[in-house]
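Novice: Sharing a structure, written as structure tokens. Questions coming.
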Amino acid sequence: MTDPAKVLIIIGTPYGLRHLASSSERKAAWPAEAVLKSLGRDVRSASLWVLCEDPGVAQRLTSYLQSVKAEVVAEAEAGVRLG
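Now the structure itself:
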């Protein structure tokens, strides 16, 4: 049996919405990061929503994912191909 989702991340991309539900902050971060990195230059137009009962968790995830987004934009502008 799986744990109930405690964190929901919604990423709006040029290709549609991605819904990521997880039972923990740590388990939510990696797939959301992977989605953002997969967008390459298109990450500029991505929007993020983090829903969680714990405002501290929501703030940390939002801040982390915004920094991932900024990193992807910087790497795209520098012509670096993400691995």
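All residue numbers for the sequence shown refer to the UniProt record's numbering, where the first residue is 1 and numbers rise by one. Think of the CB as a built atom: it goes at the ideal place given N, C-alpha and C, for glycine as much as any other residue. Treat the numbers as computed from the prediction; the structure is a model and nothing was measured.
(1) Quick check: threonine 13 and leucine 39, are their CB atoms within less than 7 Å of each other?
(2) Closest by CA to isoleucine 11, which one among Lys37, Pro4, Ser23, Ser24?
(3) Based on the DSSP secondary-structure assignment, which residues constitute the bridge partners of alanine 21?
(4) Give me the Cα-Cα distance between glutamate 25 and alanine 32, rounded to the nearest whole angstrom.
(5) Cα-Cα, which of Val35, Tyr15, Ala29 is closest to valine 7?
Specialist: For this structure:
(1) Your numbering for residue 13 matches position 13 in the sequence shown. Your numbering for residue 39 matches position 39 in the sequence shown. Leucine 39 is positioned such that its CB atom lies closer than 7 Å to that of threonine 13.
(2) Position 11 of the sequence shown, counting from 1, holds the residue named residue 11. The residue with the shortest Cα to Cα distance from isoleucine 11 is Lys37.
(3) The residue you call residue 21 lines up with position 21 of the sequence shown. Its beta-bridge partners are Leu8.
(4) Translated into positions along the sequence shown, residue 25 becomes position 25. Translated into positions along the sequence shown, residue 32 becomes position 32. Using only the alpha carbons, I get a separation of about 11 Å.
(5) If you number the sequence shown from 1, residue 7 lands on position 7. When only C-alpha atoms are compared, the closest one is Ala29.
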